[in-house]
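First the structure, in the form of C-alpha cells, and then the observations on it.
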Ligand SMILES: Cc1cc2nc3c(=O)[nH]c(=O)nc-3n(C[C@H](O)[C@H](O)[C@H](O)COP(=O)(O)OP(=O)(O)OC[C@H]3O[C@@H](n4cnc5c(N)ncnc54)[C@H](O)[C@@H]3O)c2cc1C
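Chains as they are written, first to last, in full-length UniProt numbering: chain A, 1 to 284; chain B, 1 to 803.
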C-alpha cells in the first residue's frame with residue numbers, strides 16, 4: 001500500500017483522541033483499517049493524521065447489561081460473532097457478522113468501524129437499524145446517545161460530529177418469542193452484499209405479532225422496510241407472507257453498479273425479504 | 001587430502017550413505033509431493049519484488065487517465081524537485097532509445113503493426129498507458145512525486161466497440177485505421193455443405209475480456225555494472241525476453257542476462273515483453289543504479305495484458321440425423337490498442353480448433369483483428385483454444401436441442417471414433433490419439449448422468465423455482481507449442497523446440513538444466529522423476545536448474561502446455577545421451593563390449609556375470625578421468641534439443657450440474673465431473689492440481705470474471721472488489737478421473753495438461769445454465785452468467801437471448 005503522507009497518533013486516552021480530532025478536521029479515526037486503508041491505498045482519501053484508537057481502554061468487548069447488550073466500538077467482527085452474549089441475546093448481529101468478508105478481515109475489522117463508516121452495503125448497519133440500536137458517541141464535551149434511526153445520514157456519512165468518536169452501541173434485547181435471519185445475496189463468499197435483508201420476527205400462535213426488517217444496499221443509507229413490517233403484522237405464517245413482502249422495495253432508491261441495476265435490486269429485496277422472514281419466523 | 005585417491009573417495013561416497021538407494025520403483029507415475037513446496041511455503045523465496053541490490057531505486061509510472069488523447073505537454077520539473085526523487089522522465093525523454101515493443105506474430109499479409117512506444121510520446125490509446133515515470137529512493141516518494149507531474153491531454157474519441165470500430169466513419173485508434181488484420185481459412189466445399197442443409201444453427205457468442213490475475217503481481221529489477229546488464233523479472237519467458245530485449249534496446253545479447261527468479265503464476269500474462277521491462281533496463285543504463293518496478297494489483301488490472309475478448313459468429317450445417325456437414329466461424333478479435341508479443345496470434349491458435357473432436361467435410365474460419373482504445377489482449381490460459389472450444393461445445397448443445405436429442409448423443413454421432421486415430425481433421429491438424437468414448441463413459445458413470453436427468457425432469461414437472469441444468473463439454477485441445485516447422489508456416493517469429501541438459505556431478509548427484517521456465521507447474525519435481533527413471537538415480541539426488549539465461553542458456557520457456565511434452569522429453573533425451581556415454585565408459589572399465597551391458601536400476605551389468613558399474617561410479621570415473629577409453633571426454637554431461645513433429649491432443653469429458661434459482665438468478669454448481677485424458681502421467685498429484693486450478697479458472701470465466709470498460713474507456717474493474725475472482729469457497733469439490741491414451745508423438749507418451757481444465761470447463765458450465773432454462777426459451781446467457789443476467793434471461797429481457 002502506497003498511501004499519501006499522513007501523521008499517525010496512537011491515542012492513549014479517549015480524551016487525547018477526541019482532542020486530536022477536534023483540533024483538525026482532516027484527522028481521521030483509525031480502527032481496524034479495513035475500510036480506511038483501501039481508501040488510502042487508492043488515494044481516494046488524504047487525511048492529515050490517523051488517530052489510532054486501537055489501544056484505548058474500554059472501547060472493546062461485549063457486555064450483557066440486563067435489558068441490552070453493549071458492544072464496544074473496537075470489538076472485532078470475529079469477537080462479535082463468537083461472543084456467547086451476542087449469540088444468546090441478539091443472534092441477528094452474530095449471523096450478519098459471520099457473513100462479513102473473510103476471516104482475515106473479520107480479525108481486524110471492527111463493529112464500530114463498520115457502523116461509523118456508514119457504508120449502506122455493509123452488513124451491520126441494517127442489522128443495528130432493525131434492532132433499534134443506540135449509538136454512544138464520545139467527545140471532549142462528554143457522551144451523547146444517537147438512536148439508530150438518526151445515525152445514518154447519507155452514503156458514508158453518519159451523524160457523528162467532528163471530534164466525536166463512536167464508543168459503542170447498545171442493542172436492546174427483544175425478549176422471548178423472536179426469530180432472526182440475515183439473508184445476504186452476494187456473488188462470491190467474500191464479496192459485499194448486492195442486497196441483504198435483516199429480519200427479526202416475533203410469532204405468537206402461528207401469526208406474526210411483530211416484524212423488523214432492515215435492508216442492506218438498497219439506498220444511500222441502510223433502510224427499514226416499514227411497509228413490509230406493517231403488512232406483516234398479524235399475518236399467519238404461510239401464504240400471506242409473500243404478498244406482504246412485495247412492499248420490500250417501497251421507498252428505496254437502490255444504487256446501480258457492476259453487480260446489479262436498481263430494478264434487479266428491487267426485485268431481489270422482495271424475494272430475499274420473503275426468504276428472510278420465512279427463516280426468521282420458522283425459528284422462533 | 002592432497003592427492004586425490006579416486007578409489008578412496010569413491011568408497012567414501014558410497015559408504016557415507018550420501019547416494020540414496022534407488023527405490024526400484026518407477027518414479028514416473030508416482031504422486032510425488034513437490035520438491036518446491038517446503039521452500040515456498042516457509043517463505044524461503046526469491047520473488048522479484050523481494051530482491052535487493054546495493055543502491056537500488058524504485059520507478060513508478062504515471063498512467064494515462066484518458067482512453068485516447070493527444071499529449072500536448074508533460075512537465076516533470078516539479079516532481080524532480082521533491083525529496084528523494086532522483087529523476088523523472090516523460091516519454092519524449094526516451095523517444096530516441098525506447099524503440100517499439102515487439103510483436104512476434106504477423107499472422108497475415110495485411111497485418112498492421114503500429115509503433116508501440118514503451119512510454120507514450122505523443123498519443124495515448126488506453127487508460128493505463130505509461131506517460132511519465134519517476135525514480136525515487138522508495139515507492140512512497142515516487143508515488144508522491146507522480147502527483148506532481150503535469151500532463152495536458154487533448155481528448156480524442158474512445159473506440160470501444162468492435163463493430164462500430166469497423167464502420168467507415170469510426171474514429172481511428174491508429175492512423176492506418178482500426179483493422180489490424182484479416183484472414184480466412186477454408187477447407188472443403190463450404191457452400192455445398194450449407195446449401196439445403198436440413199439443419200442450420202446460427203449463433204453469436206461473446207467471449208468477454210478477462211484480466212489474468214496471477215497470485216504474484218509483476219515486478220522487474222534491472223542493474224548494470226556499466227558493461228553487462230541483468231534483468232530480473234516476474235516472467236514466464238526469460239529466454240524469449242532476452243532475445244527480444246536485445247533487439248528492442250540494442251543492448252547486445254551477450255551482455256544481457258535475464259533471470260526469472262521465483263515466479264508466482266502467469267497464465268500467459270507473463271508471456272510478454274513489457275514496457276516496464278524495457279524501461280527498467282533503459283533507466284538503469286541512464287542512471288547507473290539498480291532500478292526496480294513493482295506493480296500494485298490495481299495497476300496490474302489496468303496494464304497486465306488482458307485475455308479473450310472475441311465476438312464469435314458461428315454457423316453449423318447438419319444432416320437431419322445430426323451429422324455435421326460444415327462449420328463457418330467469423331471472429332472479431334479485440335486486439336486492444338497495440339499488438340503485443342503474440343496478440344494477433346491468439347485467435348489464430350484457435351483457428352484450427354473450432355471443429356473440436358468432430359468430423360465434418362467443410363470448414364471456414366474468418367477472423368478480423370480490431371484495434372480499440374483498451375489494454376491490448378494477448379495469451380491467457382488456453383489462448384485461442386478456450387474460445388474455440390466454447391463456441392463448438394455451445395453449438396453442439398444447440399444442435400442437440402434442435403434435434404431433440406441428448407447433447408451427448410449429438411456428440412457421439414459426430415466425434416472421431418477411437419479406432420480412427422491418427423485422424424486428420426477438416427482444419428488439417430492430425431490428432432495423435434484419443435478415446436472419446438471411454439472418457440465419456442467414465443464421466444457419465446461418475447456423474448450419475450441418468451439420475452440427474454431424471455431429477456431435472458422432475459423439477460421441470462414440479463415447476464421448482466430451483467431448476468437443474470446439465471452441461472456437457474467433450475473437448476480436445478492442441479498443446480505442446482509447437483513444432484518449429486508449423487510455427488514457421490504460421491509466420492511466428494521463433495521456433496518451438498526445447499532444450500534440456502544433464503550434468504553428472506562427481507559425487508553421483510545430478511543437475512538437470514531445463515529451458516522451460518516453471519512458475520508454479522512443479523517442473524523441478526516432474527523433471528526429477530523423469531531423470532530418476534532414465535538414469536536410475538534416486539529422485540532426491542536430482543536438482544533442476546532453470547529460469548536464468550546464464551545457467552540455462554538455451555530455452556523457449558513455458559506456455560501453451562508445452563513444458564512436459566517438449567521440455568520434459570528434451571530432459572529424457574539428454575539422459576539417454578548420458579547413458580550412451582556411460583555405457584562406453586562402463587564397457588571399457590568392465591572390459592566387455594557395450595552390447596554385453598544391460599542397464600537396470602542405475603547400473604550397467606555385464607550380461608551373465610555379476611560385474612557391474614553404477615552410474616554414480618561411472619560419473620566419478622569420468623570426473624577423475626584416470627582411465628578413459630579412446631575418444632571419450634572426461635564427462636558424461638549431455639544435452640538435447642527436442643522439436644516435436646506434431647502437437648499433442650489431450651481430451652476429455654467434463655460434466656457439470658448447476659442449480660439455477662429462477663427467482664434470484666443465482667447459479668450454484670451442484671456437481672462437477674472431469675475425466676481427462678492427458679496421455680501418460682508423470683506425476684498424478686501435479687496433474688490433479690493443474691486440472692483443479694484449470695477448472696476453477698474456466699468456471700471463473702463462465703460465472704464470475706469480466707473486465708468492464710465504460711463508454712469513455714475507463715476500466716471499471718480495476719480492483720478485486722469489482723473484478724470478481726472465485727475462491728475455493730465459491731467452487732464445488734471436483735470429481736476427477738483419467739483415462740490414459742498415450743500420445744504417439746513423443747517417447748514419454750505424454751500430452752499437456754496446463755490448460756485443459758480451463759478449456760473444458762467454461763462451456764460445460766454455461767451449457768448447464770442454458771440447459772436449466774431451455775424450457776423457458778432461453779438459449780444463451782452472456783458470460784459471465786451473473787445472477788442479474790440469468791434473472792433477466794428468465795424474465796425474457798436484457799442480458800439473455802431467447803429464441
Ligand atoms: C476485502 C474486504 C471485504 C469486506 N467485505 C465486507 C462485507 O462483506 N460486509 C461488510 O459489512 N463489510 C465488509 N468489509 C468491511 C469491514 O467490515 C470493515 O471492518 C468495516 O467496514 C470497517 O471497520 P474497521 O474497523 O476496519 O474501520 P476503519 O477502516 O478503521 O474505519 C472506517 C471508517 O470509520 C471511521 N471510524 C472507525 N471507527 C470509528 C469510531 N469508533 N468512531 C468514529 N469513527 C470511526 C474511520 O475514521 C473511517 O472513516 C470488507 C472489507 C474488506 C477489506
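Quick reminder that beta carbons are idealized off the backbone N, C-alpha and C, glycines included.
This one's a predicted model, so the numbers in the text were calculated from it and none came from an experiment.
- Taking a Cβ-Cβ cut-off of 7 Å, residue 160 (chain A) has no neighbours in chain B, whose nearest Cβ is about 25 Å from it.
- Taking a beta-carbon distance threshold of 9 Å, residue 791 (chain B) counts as an interface residue toward chain A.
- Residue-level contact by beta carbon fails for residue 209 (chain A) and chain B, as no gap is shorter than 9 Å.
- Using a Cβ-Cβ cut-off of 9 Å, residue 708 (chain B) counts as an interface residue toward chain A, since at least one Cβ of chain A sits closer than that to its own.
- Within chain A, no residue has its beta carbon less than 8 Å from that of residue 662 (chain B); the closest one is some 10 Å off.
- For residue 30 (chain A), the shortest separation between its Cβ and any heavy atom of ligand 1 lies below 8 Å.
- Judged by DSSP in its simplified three-state form, residue 461 (chain B) adopts helix.
- For the set A:64, A:217, A:52 and A:180, the Cα lying nearest the Cα of residue 18 (chain A) is the one of A:52.
- Under the three-state reduction of DSSP, residue 33 (chain B) is assigned to coil, being neither helix nor strand.
- For residue 126 (chain B), the nearest beta carbon of chain A is not closer than 9 Å to its own beta carbon.
- Proximity of the beta carbon of residue 223 (chain A) to ligand 1 is not indicated: no heavy atom of the ligand is located closer than 8 Å.
- Annotation: residue 505 (chain B) to residue 633 (chain B) spans about 14 Å, alpha carbon to alpha carbon.
- Straight-line spacing of the CA atoms in residue 78 (chain A) and residue 278 (chain A) works out to 27 Å.
- Residue 52 (chain B) counts as exposed, since fewer than 16 other C-beta atoms from the protein chains shown sit within 10 angstroms of its C-beta.
- Looking from the CA of residue 63 (chain A), the closest CA among A:231, A:41, A:170 and A:204 belongs to A:170.
- In this structure, the CA atom of residue 306 (chain B) is about 45 Å from the CA atom of residue 91 (chain A).
- Within chain A, the C-beta atoms nearer than 9 Å to that of residue 787 (chain B) come from 185, 187, 194, 259, 260, 264 and 268, in chain order.
- When the Cα atoms are used, residue 280 (chain B) and residue 49 (chain B) turn out to be separated by approximately 14 Å.
- When secondary structure is reduced to three states using DSSP, residue 436 (chain B) falls in the helix class.
- Only residues of its own chain outside the window of five on either side were considered, and among them 219 have a CB closer than 6 Å to the CB of residue 253 (chain A), listed in chain order.
- Contact of residue 38 (chain A) with chain B is assigned, a C-beta pair being separated by under 9 Å.
- Interface criterion not met: the Cβ of residue 213 (chain B) is under 9 Å from no Cβ in chain A.
- The closest CA to that of residue 102 (chain B), considering only B:381, B:338 and B:204, is found on B:338.
- Take the alpha-carbon of residue 45 (chain B) and the one of residue 271 (chain B): they are about 21 Å apart.
- Residue pairing by DSSP places residue 138 (chain A) opposite A:143 and A:165 in a beta bridge.
- DSSP places residue 237 (chain A) outside both helix and strand once states are collapsed to three, so it counts as coil.
- For residue 326 (chain B), the secondary structure class from DSSP, reduced to helix, strand or coil, is strand.
- Between residue 581 (chain B) and residue 675 (chain B), the alpha-carbon positions lie close to 42 Å from each other.
- Using a Cβ distance threshold of 9 Å, residue 273 (chain B) and residue 348 (chain B) do not count as a contacting pair.
- DSSP, read as helix, strand or coil, puts residue 172 (chain A) in strand.
- Secondary structure at residue 195 (chain A): strand, using DSSP grouped into helix, strand and coil.
- Taking all protein chains shown into account, residue 233 (chain A) has fewer than 16 neighbouring C-beta atoms within 10 Å of its C-beta and is therefore exposed.
- Shortest gap from the CB of residue 34 (chain A) to any heavy atom of ligand 1: under 8 Å.
- The beta carbon of residue 49 (chain A) sits no closer than 8 Å to any heavy atom of ligand 1.
- Within its own chain, the residues whose Cβ lies closer than 7 Å to the Cβ of residue 758 (chain B), once the five positions on either side in sequence are excluded, are 381, 382, 386, 694, 697 and 698, listed in chain order.
- Within 9 Å of the CB of residue 5 (chain A), the CB atoms of chain B belong to 140 and 144, in sequence order along the chain.
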